[in-house]
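Below: the structure, in structure tokens.
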Amino acid sequence: MNSQPQPQQNLQQIQQLLAQLPSHRPQLVVLPEACLCFGAGDKAQRELAELPLLSDNQAAKPATDQAPLQQQLADLARQHQIWLVAGTVPIVDDAKAAKFSAASLVFNPQGECVARYNKMHLFDVDVADNTRSYRESAWTQAGTEVVTVTTEFGVLGLAVCYDVRFPELFRALREQGADILLLPSAFTQVTGAAHWHVLTRARAIEQQCFLVAAAQAGVHANGRETYGHALVCDGWGRILAESDATSVSYASALVDINELTKIRRDIPVATHFSETKKGLHAVT
1 MNSQPQPQQN
11 LQQIQQLLAQ
21 LPSHRPQLVV
31 LPEACLCFGA
41 GDKAQRELAE
51 LPLLSDNQAA
61 KPATDQAPLQ
71 QQLADLARQH
81 QIWLVAGTVP
91 IVDDAKAAKF
101 SAASLVFNPQ
111 GECVARYNKM
121 HLFDVDVADN
131 TRSYRESAWT
141 QAGTEVVTVT
151 TEFGVLGLAV
161 CYDVRFPELF
171 RALREQGADI
181 LLLPSAFTQV
191 TGAAHWHVLT
201 RARAIEQQCF
211 LVAAAQAGVH
221 ANGRETYGHA
231 LVCDGWGRIL
241 AESDATSVSY
251 ASALVDINEL
261 TKIRRDIPVA
271 THFSETKKGL
281 HAVT
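Its first residue numbered 1, the sequence shown is counted upward by one per residue in the UniProt record's numbering.
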């Protein structure tokens, strides 16, 4: 996507893309990071933040008309009968909170929000581009929980963008049974050109999982340029589909989750890791 500051404009973009999808079902669709608002600054994200439709605290759960962005995403999932992963959406558990969570939300084909992952690793870095300094933690509350979701076509493991540089999270997802790793992203042009393909393929190879990496692409309202190249990898690290670098489009692949069985049997990385972990001893 090439998301802009106005959520309704971005929802229209999503609707147009969903209308082009192949007819296969079940189908998983992953949207990029900051899919509903991009380029208006973190303060604007906080102003858009909603209480979660999915909440352990039912007393805090808002009426659907108080969470219109989440409800519109739920309606799209139901309308198109898809599993829809909304890259990140600003969510607050307390309406008075100063910071929001960059939440990746999973909607099933019935339009129910069945899972939420709060981005764990925040992008506090310096990059040689027009923005130069990124300090995501100024407005975003880091997540703490590893999240997987069981679906009819495999177990989804949730991550977001900068998380891809921390393989320990992906190991934890695999240990929780993940078959398909999800990576909604908004990589900068500079870091994307250098590291995007290397890191996404490496995580898929290491954990012997499919990986679906959505992406923001092109120049946004604030002048920030994102790398694009949304892609689908298999457990051998092969890129099965990849979108264009700058245009609004989608990468689509028809896969058989059972392909992972042979990869994992022939090179039993998870077993070897477990055996090695048992024999590790601290040395000082």
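A virtual CB, placed ideally from N, CA and C, is assigned to each residue, including glycine. Given the structure is predicted, the values throughout are model-derived calculations rather than measurements.
Here's the rule: buried if 16 or more other CB atoms are within 10 angstroms of the residue's CB, otherwise exposed. What is Arg-265? As a first step, residue 265 must be located in the sequence shown, where it is residue number 265. Around the CB of Arg-265, fewer than 16 other CB atoms lie within 10 Å, so the residue is classed as exposed.
May I ask which residues mark the beginning and end of the alpha helix (DSSP H) holding Leu-122? Start at 1 with the first residue of the sequence shown, and residue 122 comes out as number 122. Per DSSP, Leu-122 belongs to no alpha helix (DSSP H) and is neither H nor E.
What's the C-alpha gap between Phe-153 and Gln-79? Counting from one through the sequence shown, the residue named residue 153 turns up at place 153. Counting from one through the sequence shown, the residue named residue 79 turns up at place 79. Answer to the nearest angstrom: the Cα atoms are 20 angstroms apart.
With a Cβ-Cβ cutoff of 9 angstroms, do Glu-136 and Gln-189 count as a contact? The residue labelled residue 136 in the question sits at position 136 within the sequence shown. The residue labelled residue 189 in the question sits at position 189 within the sequence shown. Contact: no.
Distance, Cα to Cα, Ala-97 vs Ala-213? Position 97 of the sequence shown holds residue 97. Position 213 of the sequence shown holds residue 213. The alpha-carbon atoms of Ala-97 and Ala-213 are separated by roughly 30 angstroms.
Give a yes or no on whether the C-beta atoms belonging to Val-255 and Leu-240 are separated by under 9 angstroms. Here residue 255 corresponds to residue number 255 of the sequence shown, with the count starting at 1. Here residue 240 corresponds to residue number 240 of the sequence shown, with the count starting at 1. The answer is yes: Cβ separation under 9 angstroms.
Assign Gly-279 to one of three DSSP states: helix, strand, or coil. Position 279 of the sequence shown, counted from the start, is the residue given in the question as residue 279. In the structure shown, Gly-279 sits in a helix (DSSP, three-state: H, G or I).
Checking 9 angstroms against the spacing of the C-beta atoms, do Ser-101 and Pro-90 come in under that value? Translated into the one-based positions of the sequence shown, residue 101 becomes position 101. Translated into the one-based positions of the sequence shown, residue 90 becomes position 90. The Cβ atoms of Ser-101 and Pro-90 lie closer than 9 angstroms to each other.
Straight-line gap, Tyr-250 to Lys-278 (C-alpha atoms, nearest Å): Numbered from 1 along the sequence shown, position 250 holds the residue referred to as residue 250. Numbered from 1 along the sequence shown, position 278 holds the residue referred to as residue 278. Rounded to whole angstroms, Tyr-250 to Lys-278 spans 43 angstroms at the Cα level.
Helix or strand or just coil, what does DSSP make of Tyr-227? By 1-based counting over the sequence shown, the position of residue 227 is 227. In this structure, Tyr-227 counts as strand in the three-state DSSP scheme.
Quick check: the stretch 42–51 against the stretch 104–123, are there 3 or more CB pairs under 8 angstroms? Contact between the stretch 42–51 and the stretch 104–123 is absent, with fewer than three C-beta pairs closer than 8 angstroms.
Uninterrupted beta strand (DSSP E) stretches inside the stretch 172–241 (no shorter than 3 residues): Entirely contained in the stretch 172–241, the beta strand (DSSP E) runs reaching 3 residues are, in chain order, 180–182, 210–213, 217–219, 225–227, 231–233.
Span separating the alpha-carbon of Cys-209 from that of Gly-235: By one-based count along the sequence shown, residue 209 stands at place 209. By one-based count along the sequence shown, residue 235 stands at place 235. Cys-209 and Gly-235 have their C-alpha atoms spaced approximately 4 angstroms apart.
Give me the Cα-Cα distance between Leu-182 and Leu-158, rounded to the nearest whole angstrom. For this step, residue 182 is matched to residue 182 along the sequence shown. For this step, residue 158 is matched to residue 158 along the sequence shown. Roughly 5 angstroms separates the two Cα atoms.
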